[in-house]
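Right, one structure below, let's go through it.
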Amino acid sequence: MHELSVTEKILDIVLKHARMNQVRKVMSITLIIGEMSDLENEWIQHYFDYLSKDTVAACAVLKIEKVPIVLKCNPCGQTMEIRREEIGGTCCSGCGKAGDFSIISGREYYIKEMEAE
Amino acid sequence: MSSVKLIEVKEAIMSDNDAAANDLRKRLSSEKTFLVNLMASPGAGKTSLLLRTLAALKLDFNMAVIEADIDSVVDAEKIAATGVPSVQLRTGGFCHLDAAMVVKGLEAVDTASADLVFIENVGNLVCPAEFDTGAAMDIMILSVPEGDDKPLKYPLMFSKCRALIVNKIDLLPYSDFDMSLFKQRVYQINAGIRIFEVSCTSGEGIPDWTGWLKQSVNHFLEKNLIQSMTPGTHN
């Protein structure tokens with residue numbers, strides 16, 4: 001449900017950069033989103049199309065690059081990539097311990113770039 | 118023919134909210150007000166935990182509560198009955214609070230004299246996790262009937278909180294909730310989190326939680342007192 005407010009924020013940032021670069025039309029926007037986030041591609045595009053229709057970003061395609069969840073085992077330093085469904089169920093592939101990890105990636109939430117003319 | 122160019126943006130989607138949240142944190146730090154953002158599913162026991170917490174700490178701190186729940190006239194009345202001021206924040210159907218809404222809610226709170234303010238966030242485990250409210254501490258409640266698999270479904274929420282209160286432990290005998298498996302799942306995404314097992318009905322475990330919170334608030338107040346007495350250390 002928070003996709004609508006998130007989409008407004010994305011559009012604000014995109015329009016700001018469009019003005020700064022004096023572009024006529026934004027064709028695509030690339031978002032970097034960690035796997036731990038619940039952002040839904042389909043909804044974001046729907047909301048974006050609706051919100052952007054009278055702007056230079058109308059019809060722009062949102063591309064979402066997902067960043068995998070990577071954990072680091074605190075006792076031994078081993079890093080490992082896991083799928084979202086594996087959260088909470090894995091032990092360290094290095095030392096075998098469970099439940100003492102730092103999150104290295106998977107919480108990203110930013111706009112990387114946009115294509116415009 | 119027009120040329121297509123690639124514009125590097127590299128900007129956090131939440132940058133506006135993050136900036137507003139950081140400003141609020143700075144302001145509250147100088148006013149020596151510790152803001153706690155309480156998040157949970159509907160029915161997990163947010164109001165019950167607040168009532169227990171207010172009762173335990175009323176002699177220690179000047180407190181206030183910001184209620185974000187839309188249908189919480191009942192909640193607000195319960196809080197008001199304790200003598201602690203509570204503010205009803207209209208979220209307009211929003212699924213979360215952001216920093217700007219919290220700033221609005223704080224207008225009705227005398228932050229200069231309050232030591233400890235609680236935000237009762239909107240009841241859900243998804244949206245509030247994405248928005249920094251400007252609180253000094255994020256905490257959450259998970260109640261036993263919700264199940265021990267929730268860290269797998271809502272990892273972001275569990276990964277960002279400093280403390281997790283497992284409520285309704287009096288229902289454990291009637292449930293297949295596996296506490297050790299649950300904790301293992303939580304620690305995997307948040308090794309530093311403090312977990313408190315409580316029952317707001319019986320009061321079991323409440324002193325551990327309120328004792329820890331009291332210590333955290335005192336630590337915050339002392340740190341900010343020292344900063345305000347030491348020239349050149351504020352930002």
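Residue numbers (the working numbering), protein chains in the order written: chain U, 1 to 117; chain X, 118 to 352. Idealized CB from N, CA, C, for every residue including glycine.
Practice task
Along the alpha helix (DSSP H) that carries U:Asn-41, what are the first and last residues, could you check?
Solution key: Unbroken alpha helix (DSSP H) run through U:Asn-41: 41-51.
Exercise for the section: Starting from the beta carbon of X:Leu-123, find every residue of chain U whose beta carbon is closer than 7 Å, and list them in chain order. Expected result: Glu-113 and Glu-115
Handout entry: Sequence ranges, alpha helix (DSSP H) only - wholly within the segment 193-280 of chain X, length at least 4
Key = Taking only runs of at least 4 residues, the alpha helix (DSSP H) segments lying wholly in the segment 193-280 of chain X are 216-223, 267-270 and 272-277.
Handout entry: Bounding residues of the beta strand (DSSP E) (the contiguous stretch that carries U:Thr-79)
Key = Looking at the DSSP string, the run of the beta strand (DSSP E) that includes U:Thr-79 is 79-82.
Handout entry: Counted within 10 angstroms of its Cβ, other Cβ atoms place X:Asn-238 as buried (16 or more) or exposed
Key = buried
Practice task
For chain U, find out if any of its Cβ atoms is closer than 8 Å to the Cβ of X:Glu-128; answer yes or no.
Solution key: yes
Exercise for the section: Note down, in chain order, all residues in the segment 315-348 of chain X with a beta-carbon under 7 Å from any beta-carbon belonging to chain U. Expected result: Listed by position, the residues of the segment 315-348 of chain X near chain U (Cβ gap below 7 Å) amount to none.
Problem - For U:Gly-34 and U:Val-6, believed in contact at Cβ under 8 Å, the rounded distance - result: In fact, because the Cβ distance is near 14 Å, the residues do not count as touching under 8 Å.
Problem - According to DSSP, residues forming a beta bridge with U:Thr-30 - result: U:Lys-63 and U:Glu-113
Handout entry: Neighbourhood of X:Ala-137 by C-beta distance below 8 Å, restricted to the same chain and skipping five residues each side
Key = Asp-215, Ala-216, Ala-217, Val-220 and Gly-251
Practice task
Given a cut-off of 8 Å, decide if X:Ala-181 and X:Ala-231 are closer than it, judged by their beta-carbon atoms.
Solution key: yes
Problem - Cβ-based neighbour list, X:Glu-314, same chain, cut-off 6 Å, excluding 5 preceding and 5 following - result: Val-283, Ile-286 and Gly-322
Practice task
Give me the Cβ distance between U:Val-26 and U:Met-114, rounded to the nearest whole Å; I'm assuming they're in contact under 8 Å.
Solution key: 6 Å
Exercise for the section: Determine whether the Cβ of U:Gly-77 lies closer than 8 Å to any Cβ atom of chain X. Expected result: no
Practice task
Measure from the C-beta of X:Ile-286 to each C-beta in chain C and report whether the shortest distance is under 8 Å.
Solution key: Although the question refers to chain C, the structure presented lacks it and instead comprises the protein chains U and X.
Exercise for the section: Consult DSSP for X:Asn-154 and reduce its assignment to one of helix, strand or coil. Expected result: strand
Exercise for the section: Give the DSSP bridge partners of X:Ala-129, in chain order. Expected result: U:Tyr-110
Problem - Contact set between U:Lys-9 and chain X, taken where Cβ atoms lie within less than 7 Å - result: U:Lys-9 reaches chain X at Ile-130, Met-131 and Asp-133, counting residues in chain order whose Cβ is nearer than 7 Å.
Handout entry: For X:Phe-299, the first and last residue of its enclosing alpha helix (DSSP H)
Key = 296-306
Problem - Endpoints, beta strand (DSSP E) assigned at X:Met-180 - result: Its beta strand (DSSP E) spans residues 180-184.
Practice task
Mind the definition here: the segment 136-150 of chain X touches the segment 194-208 of chain X only if three or more C-beta pairs lie below 8 Å; say whether that holds.
Solution key: Too few Cβ pairs lie closer than 8 Å, so no.
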